[in-house]
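Numbering of the sequence shown is given in my numbering, commencing with residue -16 and proceeding in unit increments. Report on the structure given below.
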Amino acid sequence: MSLSDTERAHIQEALKNQRNALAVTRITGDPAEIGKGLVHLAELHGMLEDHAESRRHYEEALGCFQTAGDKYGQAQALFGLGVVSANFEDHRHAIEHISGATALFNELKDQENEALCRAAIGESLRSLGHTKAAEEKYQEALLLYRQAKNGPRIAQLLLDIGDIRMEAGEYEAARKRFSEALPLLEKEEDPEPLALCRLLLGEAEGLLGNHEAARPHLHTAAELYEQLHDHAYEARARWDLSIACTFVQDWKTARAELEAVIPLFEEQGRADDVAKARKVLAHFDARGV
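Rendered as structure tokens:
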């Protein structure tokens, strides 16, 4: 998500303040303190998507933490380097760095950060097309997050695993994952992952032929995406909802969703999808429904 001008200005101000603070720490602090300052600087550069500068500071921080014998700091820096590598689409190095962080967090018995690392390795493996290996890493992370009772992280991994199952055509297995994630996300205040869960669950139900069960999920997803002003996903939800309504012969709602989705497609320049929606409406007209 792109930053607003105000958000960018706040981060740039924080960056300036952190550079000044680090200059003092370099004189008065020990290597571990300098490393912490460099990590903070790297994180701020990362927020601005200045990944080259972020990498430079993480590399220096890693050296400082190694000098200090600070394993937690080393793990943080290695994880940061892995994230930077992933942002550069260098997933092999991302896996290498984050694997090093995983081993350190495991040694330190920091389950949540170890889980975060395992999930991140899964993301890179998936980007490389190794979906089976990615799911194995997601499952490892899921086990650790379950032990930590971290609901939002559990839910995100359930969505990721379910999505892999959807790609494999295993719709019932996917539906079970999305169904398990839903109550966890409903407890949170973040509408975006909840909208995605509703959308994916509705799509899984539809692909299983459960079109009546799909409808409430897709309707809620469309409403949430409308509130989020995410017109691409709102269009996807409304199009799926129109299909579900057509299957159960709720022509009125199907027509309303098609009429609502056309301007969304037009706004995105999706001429083929506009033509497809208009063709379905013309078919309804011809049938008198």
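C-beta: ideal position from N, C-alpha, C; glycine also.
Fill in: C-alpha gap between E338 and W234, whole angstroms
Residue coverage of the chain in this structure runs from -16 to 272, which leaves residue 338 outside it and unanswerable.
Practice prompt. Taking L111 and H80 to be in contact with their CB atoms under 8 Å, please state how far apart those CB atoms are, rounded to whole angstroms.
Written response: Here the question's residue 111 lines up with position 128 in the sequence shown. Here the question's residue 80 lines up with position 97 in the sequence shown. Their Cβ separation, rounded to whole angstroms, is 15 Å, which puts L111 and H80 out of contact at 8 Å.
Fill in: When F230, K92, G63 are compared against I78, the one with the closest alpha-carbon
By one-based count along the sequence shown, residue 78 stands at place 95. That would be G63, whose Cα lies nearest to the Cα of I78.
Worksheet entry | Nearest residue (CA-CA) to A58, options A35, L99, H34 | In the sequence shown, the residue the question calls residue 58 occupies position 75. In this structure, L99 is the residue among A35, L99, H34 with its C-alpha nearest to the C-alpha of A58.
Practice prompt. Note down the Cα distance separating Y128 from V257, rounded to an integer number of angstroms.
Written response: Residue numbering aside, residue 128 sits at position 145 when the sequence shown is read from its first letter. Residue numbering aside, residue 257 sits at position 274 when the sequence shown is read from its first letter. Rounded to the nearest whole angstrom, the C-alpha separation of Y128 and V257 is 43 Å.
Worksheet item: CB-CB under 6 Å to S225, same chain, minus the five flanking residues each way: which ones, in chain order?
Response: Walking along the sequence shown from the start, residue 225 turns up at place 242. Sequence-distant partners of S225 (beyond 5 residues in either direction) whose C-beta falls short of 6 Å from its own C-beta, in its chain, are A237, E240, L241.
Worksheet item: Can you give the beta carbon distance from A204 to A218, rounded, assuming they're within the 8 Å contact cut?
Response: Locating residue 204 in the sequence shown gives position 221, counting from the first residue. Locating residue 218 in the sequence shown gives position 235, counting from the first residue. Contact flag wrong, Cβ pair sits at about 11 Å.
Discussion item. Tell me the residue span of the alpha helix (DSSP H) that contains E172.
Written reply: By 1-based counting over the sequence shown, the position of residue 172 is 189. Per DSSP, E172 is not a residue of any alpha helix (DSSP H), being assigned neither H nor E.
Discussion item. Three or more C-beta pairs under 8 Å: does that hold for the segment 178 to 190 against the segment 138 to 158?
Written reply: Taking 8 Å as the limit for Cβ pairs, the verdict is that the segment 138 to 158 does touch the segment 178 to 190.
Fill in: Endpoints, the alpha helix (DSSP H) within which N133 is located
Taking the first residue of the sequence shown as position 1, residue 133 is located at position 150. Taken as a continuous stretch (DSSP letters only), N133 belongs to no alpha helix (DSSP H), as it is neither H nor E.
Worksheet entry | H212 - DSSP class collapsed to helix/strand/coil | Mapped onto the sequence shown, residue 212 falls at position 229. The answer is coil: DSSP assigns H212 none of H, G, I, E or B.
Worksheet entry | Outcome for T50 when other beta-carbon atoms lying within 10 angstroms are tallied against a minimum of 16 | One-based indexing of the sequence shown puts residue 50 at position 67. With fewer than 16 neighbouring CB atoms inside 10 Å of its own CB, T50 falls in the exposed class.
Worksheet item: Do you know how far the Cα of Y55 is from the Cα of D93?
Response: Stepping through the sequence shown from its first residue, residue 93 is reached at position 110. Stepping through the sequence shown from its first residue, residue 55 is reached at position 72. Taking the straight line joining both Cα atoms gives about 9 Å.
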